[in-house]
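**Q** Please find one structure pasted underneath; my questions will follow.
Residue numbers (the working numbering): 13 to 458.
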């Protein structure tokens, strides 16, 4: 093998290096090992791989180079799944999207090679097509993908968890890769006949534009759906607060009426006391006490939004014969948005109630929440359940039909926004949820 041919083959395999960068950057925060250690190991391995593969390709003549390349990507994907703590379907989508980006540079390589060969153009480069492939890949990665789409991709991976969509959406980058692969000229001479070459360029540029537009549309649709979900949560929260406010108004009105009628009540009790009719006095006071409590709204803490959502789930729990023991020590103002805080509590209580419904008796939910002097918010919930669970990769899944555990995942993702941690565990009859959020400590005098 000539040195120039060898270096050409090395460069063709080394195209995996920018591909690895495109795959790792969006999932950097989900790596199971440090980014520096992985980068050192991975890129050293890819360089050695690129230096060795030309000799392996020469020996394995029965296997086409493209087949070896795809086998390499399959092995890399297995390692990718082992190194990144993220759903495999998302990693598959990211891998195929990277392959789609690389395929545009690959097709540019073949087309440039056919053009140069057919027209006898002399070039200072041994393979101008390979140079064009690297230039195309670097431009797409550094000038388009990272500046315009990197943050959008990271945001989508972090906040969008509808598995049914991820199970389908990977088809688009796979189709783009397949189309570019089938567009590789079988006969280089035919690639420049008439307007074929210009048509190739037009079609491939159109596919690239449509692929980028698809990525943008996918992000915008996901963002719209999540914003809609957030607005629905806010609306639900406002409805709960409104219901609590109405109960409070009703209590004020009812209490005012009781105060107005208390003079008559006192006269009645005095009259019965003079008659020494103790039984009627007790009966009368019991009825009066019941009337006092009949319109009293639940009060759990000073935080209005939290109080509203706890009152809402308290009513549901009472309707399902679930005993509740809740101790909430939260101030009126807290450095967590109402939506985030109520998302955590709502999902925890929703999960707890569903767990309690799996048993016929002994249903209970214990909940506590307080803030330490160091500005750490601790939320702990314990509920009874039948001990039946579903787990995938150490994550709890819903026991409902087609359930995927989005509630607990939402709690974990919300906790991450506040640099917090979550822990979920279970025994034979109880499920435990522990959440810690790091809250900024207010400065003195503020």
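Where a beta carbon is used, it is the ideal one built from N, C-alpha and C, also for glycine.
1. Rounded to the nearest angstrom, what separates residue 360 and residue 289 at their Cα positions?
2. Any chance the segment 13-20 sits against the segment 143-158, with 3 or more Cβ pairs inside 8 Å?
3. Under 7 Å: does the beta carbon of residue 283 sit that close to some heavy atom of the ligand GDP?
4. Would residue 175 be called buried (16 or more neighbouring beta carbons within 10 Å of its own) or exposed?
5. Taking only three categories from DSSP, how would you classify residue 119?
6. Relative to the alpha-carbon of residue 388, which residue among 354, 342, 399 has its alpha-carbon at the smallest distance?
7. Could you tell me the distance, in whole angstroms, from the CA atom of residue 426 to the CA atom of residue 180?
8. Confirm, please, whether the CB-CB distance from residue 96 to residue 42 is below 8 Å.
9. In this structure, does DSSP put residue 337 in helix, strand or coil?
10. Taking the alpha helix (DSSP H) that residue 389 belongs to, which residues open and close that run?
11. For residue 88, count neighbouring C-beta atoms within 10 Å of its own C-beta (all shown protein chains included) and say buried if the count is 16 or more, exposed if not.
12. Who are the near neighbours of residue 440 in its chain, counting only those whose CB is closer than 8 Å to its CB and skipping five residues on each side?
13. Relative to the C-alpha of residue 379, which candidate in 429, 26, 57, 365 has its C-alpha closest?
14. Alpha carbons only, please: which of 169, 188, 331 is nearest the one belonging to residue 215?
15. Could you give the residue range of the alpha helix (DSSP H) that holds residue 24?
16. Got a sec, what are the start and stop residues for the beta strand (DSSP E) residue 382 sits in?
17. Count the other C-beta atoms from every protein chain shown that fall within 10 angstroms of the C-beta of residue 243, then say buried if there are 16 or more, exposed otherwise.
18. Spatial neighbours of residue 195 within its chain, please: C-beta separation below 8 Å, excluding the five flanking residues on both sides.
19. Here's a check: name, in chain order, each residue in its chain whose Cβ is nearer than 8 Å to the Cβ of residue 92, leaving out the five neighbours to either side.
20. Taking the beta strand (DSSP E) that residue 2 belongs to, which residues open and close that run?
21. For residue 244, decide whether its Cβ has a neighbour in chain C, counting only Cβ atoms nearer than 8 Å.
22. For residue 140, collect the residues of the same chain with a Cβ closer than 6 Å to its Cβ; drop the 5 residues on either side in sequence, then sort them by chain order.
23. Between residue 335 and the rest of its own chain, which residues show a CB-CB distance below 6 Å, the 5 nearest in sequence each way excluded?
24. How far does the beta strand (DSSP E) with residue 62 in it reach, from first residue to last?
25. If we ignore side chains and look at the alpha-carbon of each, how far apart do residue 328 and residue 101 end up?
26. So the beta strand (DSSP E) residue 449 belongs to, where does it begin and stop?
**A** Inspection of the coordinates gives the following:
1. Straight-line spacing of the CA atoms in residue 360 and residue 289 works out to 51 Å.
2. Below 8 Å, too few C-beta pairs join the segment 13-20 and the segment 143-158 to call them touching: fewer than three.
3. This structure simply doesn't include the ligand GDP, nor any ligand for that matter.
4. When all chains shown are included, residue 175 counts as exposed.
5. The answer is helix: DSSP assigns residue 119 an H, G or I state.
6. Comparing Cα positions, the closest option is 342.
7. Answer to the nearest angstrom: the Cα atoms are 26 Å apart.
8. Judged by beta-carbon spacing, residue 96 lies within the 8 Å limit of residue 42, meaning their Cβ atoms are closer than that value.
9. Note: residue 337 maps to strand in three-state DSSP.
10. Counting along the chain, no alpha helix (DSSP H) covers residue 389; the unbroken beta strand (DSSP E) around it starts and ends at 388-396.
11. The residue in question, residue 88, is buried, as its Cβ has 16 or more Cβ neighbours within 10 Å.
12. So the list reads 399, once near-sequence residues are dropped.
13. For residue 379, the closest C-alpha among the options 429, 26, 57, 365 is that of 365.
14. Among 169, 188, 331, the Cα nearest to that of residue 215 belongs to 188.
15. Residue range 15-25 is occupied by the alpha helix (DSSP H) that includes residue 24.
16. First-last of the beta strand (DSSP E) with residue 382: 376-383.
17. Residue 243 should be labelled exposed.
18. For residue 195, where only same-chain residues beyond five positions count, the Cβ hits under 8 Å are 119, 212, 215, 216.
19. The beta carbon of residue 92 sits closer than 8 Å to the beta carbons of 35, 103, 107 from its chain, once the five residues preceding and following it are set aside; these are given in chain order.
20. Since the displayed the chain opens at 13 and closes at 458, residue 2 lies outside it and no answer follows.
21. The chain labelled as chain C is not found in the depicted structure, where only one protein chain is given.
22. Closer than 6 Å at the Cβ level, and outside the excluded window around residue 140, lie 124, 128.
23. 376.
24. Here residue 62 belongs to no beta strand (DSSP E); instead the alpha helix (DSSP H) covers 47-71.
25. Those two C-alpha atoms are separated by around 36 Å.
26. Per DSSP, residue 449 is one residue of the beta strand (DSSP E) stretching across 442-450.
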